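*Asks:* Input: one structure, supplied below.
In our numbering, the protein residues as written are 1 to 252.
Structure follows, in structure tokens:
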């Protein structure tokens, strides 16, 4: 959970801080390439278009960005003149603006793929909100992870030492519930006696695990507890074994 929410927080942070703004920059620059190509074709059809005339016209143009500059990269210098590649008459002459766009994005290290619509300020604000939520959830997950890593449970020949450091003698243990031990690695022990009344929760996956290469620490812990346990054990019976036991008890 910590890794998942942490990764989400970083991704939403990137989108809110720079990602969406850079995609907006690409969107409007792409529109400029289309508009420049259309304008070049219009002037060329009118006749008399020379390199000097086109350069003079292109030098007076700027990229048409939206009025809300908060949706653009913070380091973007405005007004932004047309890119040099659009002011080059020889490159514009073939009227293949899409090829010019690819060349331009390659030179600048930009992503040539575009979004269908630009992101407004609300969309960018949403990324910050989700980033904050994911960061909070990551902090909560980190808290529980650190707390869990600092906790342990152990059993010796006299008692169980719980996660809270409380020692409960085996004589005080009344019920051992193993119904979830085989499927989820969870067991519950009810105790009542001089040590007090309560329930001990044993999470095998948290306290040691069941990896064979580590000699199954959780299973060894449970075996030690069962060796000294004299109360009631609750667990699911295996149907096949139960039927065999019933058959064996019947008179011939």
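Here a beta-carbon is modelled for each residue, glycine too, at the ideal position from N, C-alpha and C. These figures come from a predicted structure and were not determined experimentally.
1) Just to confirm before moving on: does the CB-CB distance between residue 131 and residue 16 stay below 8 Å?
2) Relative to the C-alpha of residue 232, which candidate in 221, 152, 211, 171 has its C-alpha closest?
3) May I have the straight-line CA-CA distance separating residue 60 from residue 80, to the nearest angstrom?
4) So which of 235, 48, 68 has the shortest CA-CA distance to residue 183?
5) At the level of alpha carbons, what is the spacing between residue 163 and residue 226?
6) Please tell me whether residue 72 and residue 25 are closer than 8 Å, where the distance is taken between their beta carbons.
7) Report yes if the C-beta distance between residue 2 and residue 138 is below 8 Å; otherwise report no.
8) Tell me whether residue 78 is buried or exposed, calling it buried when 16 or more other Cβ atoms sit within 10 Å of its Cβ.
9) Quick check on DSSP: helix, strand or coil for residue 226?
10) Closest by CA to residue 219, which one among 155, 122, 195?
*Replies:* Let me spell this out:
1) In the chain shown, residue 131 corresponds to position 131, counting from 1. In the chain shown, residue 16 corresponds to position 16, counting from 1. Yes; because the gap between Cβ atoms is below 8 Å, this pair is in contact.
2) Taking the chain shown and counting its residues from 1, the one referred to as residue 232 is at position 232. Distance check between residue 232 and each of 221, 152, 211, 171 places 171 closest, using alpha-carbon atoms only.
3) Position 60 of the chain shown, counting from 1, holds the residue named residue 60. Position 80 of the chain shown, counting from 1, holds the residue named residue 80. If I take the Cα positions, the gap works out to 11 Å.
4) To locate residue 183, count along the chain shown from 1; it is residue 183. 235 is the residue among 235, 48, 68 whose C-alpha sits nearest the C-alpha of residue 183.
5) Counting from 1 along the chain shown, the entry for residue 163 is found at position 163. Counting from 1 along the chain shown, the entry for residue 226 is found at position 226. Straight across, the Cα-Cα distance linking residue 163 with residue 226 is about 19 Å.
6) Indexing the chain shown from 1 puts residue 72 at position 72. Indexing the chain shown from 1 puts residue 25 at position 25. Yes, these two residues count as a Cβ contact at 8 Å.
7) Numbered from 1 along the chain shown, position 2 holds the residue referred to as residue 2. Numbered from 1 along the chain shown, position 138 holds the residue referred to as residue 138. Contact flag set, yes.
8) Taking the chain shown and counting its residues from 1, one reaches residue 78 at position 78. Result: exposed.
9) Within the chain shown, the letter at position 226 stands for residue 226. Residue state, collapsed to three classes: helix.
10) Stepping through the chain shown from its first residue, residue 219 is reached at position 219. For residue 219, the nearest C-alpha among the options comes from 155.
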